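Asker: Residue numbers (this note's numbering): 14 to 517.
1) Could you give the residue range of the alpha helix (DSSP H) that holds residue 527?
2) For the 8 Å Cβ check, are there 3 or more pairs between the region 248-268 and the region 93-104?
3) In or out: residue 391 buried (at least 16 other Cβ within 10 Å) or exposed?
4) Enumerate in chain order the residues of its own chain whose CB-to-CB distance from residue 163 is below 6 Å, with the five nearest sequence positions on each side excluded.
5) Quick check on the burial criterion: 16 or more other C-beta atoms within 10 angstroms. Buried or exposed for residue 23?
6) Does DSSP put residue 502 in a helix, a strand or coil?
7) Counting only runs of 3+ residues fully inside the region 242-268, write out the beta strand (DSSP E) ranges in chain order.
8) Using only the alpha-carbon positions, how far apart do residue 107 and residue 446 sit?
9) In this structure, how does DSSP classify residue 17 when only helix, strand and coil are distinguished?
10) With DSSP run on the structure shown, which of helix, strand or coil describes residue 109?
11) For residue 180 and residue 242, what's the separation of their Cα atoms in angstroms?
12) Identify whether residue 507 lies in helix, strand or coil by the three-state DSSP scheme.
13) Does the count of Cβ pairs from the region 166-178 and the region 124-143 closer than 8 Å reach three?
14) Evaluate contact between the region 109-119 and the region 179-194, counting only Cβ atoms and requiring at least three cross-stretch pairs below 8 Å.
15) What is the residue span of the beta strand (DSSP E) that residue 223 lies within?
16) Count the other CB atoms within 10 Å of the CB of residue 507; is the residue buried (16 or more) or exposed (fewer)?
17) Ordered along the chain, which non-local residues of its own chain (more than five positions away) have a Cβ less than 7 Å from that of residue 381?
18) So, under 8 Å CB-CB, residue 209 and residue 139 are touching, yes? Tell me the CB distance rounded to an integer number of Å.
19) What are the start and end residues of the alpha helix (DSSP H) that includes residue 135?
20) Would the region 61-73 count as touching the region 477-492 if we require 3 or more Cβ pairs under 8 Å?
21) Beta-carbon separation of residue 305 and residue 421 under 8 Å?
22) Under three-state DSSP, which class holds residue 338?
23) For residue 278, which of 296, 287, 317, 360 has the nearest alpha-carbon?
24) Taking residue 482 as the reference, which of 504, 428, 471 has the closest Cα?
25) Within 10 angstroms of its Cβ, does residue 14 collect 16 or more other Cβ (buried), or is it exposed?
26) Suppose contacts are defined by Cβ-Cβ distances below 8 Å. Is residue 198 in contact with residue 166 by that definition?
27) May I ask you to verify whether the region 432-447 touches the region 211-223, counting CB pairs closer than 8 Å and requiring at least 3?
28) Would you report the Cα separation of residue 27 and residue 135, rounded to the nearest angstrom?
29) I'd like to know if the region 451-470 and the region 99-106 are in contact, where contact means that at least 3 CB-CB pairs between them fall below 8 Å.
30) Could you tell me if residue 325 is buried or exposed, where buried requires 16 or more neighbouring beta carbons within 10 angstroms of its beta carbon?
31) In chain order, what residues of the same chain have a beta carbon less than 7 Å from the beta carbon of residue 293, not counting five sequence neighbours either side?
32) Who pairs with residue 189 in a beta bridge, going by DSSP?
33) In whole angstroms, what separates the C-alpha of residue 218 from that of residue 364?
34) When the Cα of residue 116 is compared with those of 200, 415, 267, 51, which residue comes out closest?
35) Roughly how far, in whole angstroms, is the beta-carbon of residue 227 from the beta-carbon of residue 175, given that I think they are within contact range, below 8 Å?
36) Residues in its own chain within less than 6 Å of residue 518 by CB, not counting five upstream and five downstream?
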């Protein structure tokens, strides 16, 4: 009897690495976790040694195999999905020249305005992405601020590439970046899937420092003898290129055809549509425009750090550890905010990019309590979503906005879903699966090893039967939120002008 094969999914996030064994149906059979620990310095640096990322992957993998007693020979393939905005520079032998510089580190804000001034319309038209706190601004920042260190770097790569290369024992000549990441560099021709000489010349970045561009499902190497001995994996197990975490969330949630709209309610609250044409937002510079894992599809989106804001607030009021996130969320069902607004830009506004913004509550009264304040954070995500979706609708007038699928951690909060449905005036369909990134890794590994012949079909099959409730907007609340949204937009406009003048 032939034993069933499975895939190793390595989900490398800000908090740490989640390792999982996933079967061809997309079910997580067992999992393990290893925490990341970042260092924050007075000069604004937030970083983690790049080697610690690979050691975290190693710890999670070893724990997974030891606890589950799984047969490593049954792992058909491995795929890493990882946080997207950060970068690490390596030398010829894949040793890190700099620490992993994550999206949390905002020092590159000083480079954003310089890059924008060089020709942001051209940057967006070619790369699909405004200049934000991400790979492009970080690469330029290292070149401008630390030229002596930059000169030692042979390749600039994202987190997923770094850890996969460690597993495979790669050298700098083998370095790669999958095409779901390239828009964030601001140095690629995203439509064509290649580096743009025009943009590289604009920023003075040598093309030699950029890795080759590959598909997420390409086999980039195999588990080395050294890594096999350390991890318990079988030497020679194929490793796919993998993809970025947002791309994985979309694929794992089944966003695999045009006209679908998805809310990824995670640490970053993302609303995205799936389209089959490349039409970046050069006019208003609001949306990011990446490639989908599925060839010839794109997923324009806007995002706000809504989940991070909600987690922050929960930490402030959970004094004794007895208040669950779910309980706090449920408290909001019995309150209304007619005059209270939260501005969710603690780390600056990202879509559109404006690092000068900060967070605010506007309209606080003595009768407001923690439920009002927490609900206002949820509502701010809804207002930002409405702003992004309006722009998507302007750019794609033929897009049929019939419903929004919602996934990730925030999809477990019915109160949060109702708010977003009422603010947008669209039905929200709850997706119950918790492991969209692991499903995506399984699809990528399965397709890359030939076990699947159609990625869209495989992803859709993994999602069959996992839909929960449909939340239809309440017309009375939707009308009230329409009025609130207009007030919110006026407040954001006023605060933008004030921040621009350094008044607050």
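Note that beta-carbon positions come from the ideal geometry of N, C-alpha and C, so glycine has one too. Fair warning: this is a prediction, and the values are worked out from it, not measured in the lab.
Answerer: Judging by the given coordinates:
1) Nothing can be reported for residue 527, as the shown portion of the chain is limited to 14 through 517.
2) Yes: the two stretches touch, three or more of their Cβ pairs being nearer than 8 Å.
3) Per the 10 Å Cβ criterion, buried.
4) So the list reads 155, 156, once near-sequence residues are dropped.
5) Label assigned to residue 23: buried.
6) Reduced to three states, the DSSP call for residue 502 is helix.
7) Runs found: 251-253.
8) A straight-line Cα-Cα distance of about 36 Å links residue 107 and residue 446.
9) Here residue 17 sits in coil by DSSP.
10) For residue 109, the three-state secondary structure derived from DSSP is strand.
11) Taking the straight line from one Cα to the other gives about 11 Å.
12) Helix, per DSSP.
13) Because the criterion of three Cβ pairs below 8 Å is not met, the region 166-178 and the region 124-143 do not touch.
14) The region 109-119 vs the region 179-194: no contact.
15) Careful: residue 223 lies outside any beta strand (DSSP E) and carries neither H nor E.
16) When all chains shown are included, residue 507 counts as exposed.
17) Correct list, in chain order: 353.
18) With a beta-carbon spacing of about 5 Å, residue 209 and residue 139 fall inside the 8 Å limit used to define contacts.
19) First-last of the alpha helix (DSSP H) with residue 135: 133-140.
20) No, because fewer than three Cβ pairs between the region 61-73 and the region 477-492 fall closer than 8 Å, the two stretches do not touch.
21) Their beta carbons are not under 8 Å apart, which means residue 305 does not touch residue 421 by this criterion.
22) Looking at residue 338 - three-state DSSP - the assignment turns out to be helix.
23) Check the Cα spacing between residue 278 and each of 296, 287, 317, 360: the tightest is with 317.
24) Looking from the CA of residue 482, the closest CA among 504, 428, 471 belongs to 428.
25) Low confidence applies to residue 14: its pLDDT is 40, below 50, so where it sits in the model is not reliable, and the reading given next is rough at best. Residue 14 should be labelled exposed.
26) No, the Cβ-Cβ distance between residue 198 and residue 166 is not below 8 Å.
27) Counting Cβ pairs under 8 Å, fewer than three are found: no touch.
28) Cα to Cα, the separation comes out at about 31 Å.
29) With the cut-off at 8 Å, the region 451-470 and the region 99-106 do not touch.
30) Answer is exposed; the Cβ neighbour count stays below 16.
31) Short of 7 Å from the beta carbon of residue 293, and not among the five residues preceding or following it, lie these beta carbons of its own chain, in chain order: 137, 138, 141, 302.
32) In DSSP, residue 189 forms a bridge with 225.
33) About 25 Å.
34) Check the Cα spacing between residue 116 and each of 200, 415, 267, 51: the tightest is with 51.
35) That belief does not hold up - the Cβ atoms of residue 227 and residue 175 are roughly 15 Å apart, past 8 Å.
36) Residue numbering for the chain in the displayed model covers 14 to 517; residue 518 lies beyond these limits and cannot be assessed.
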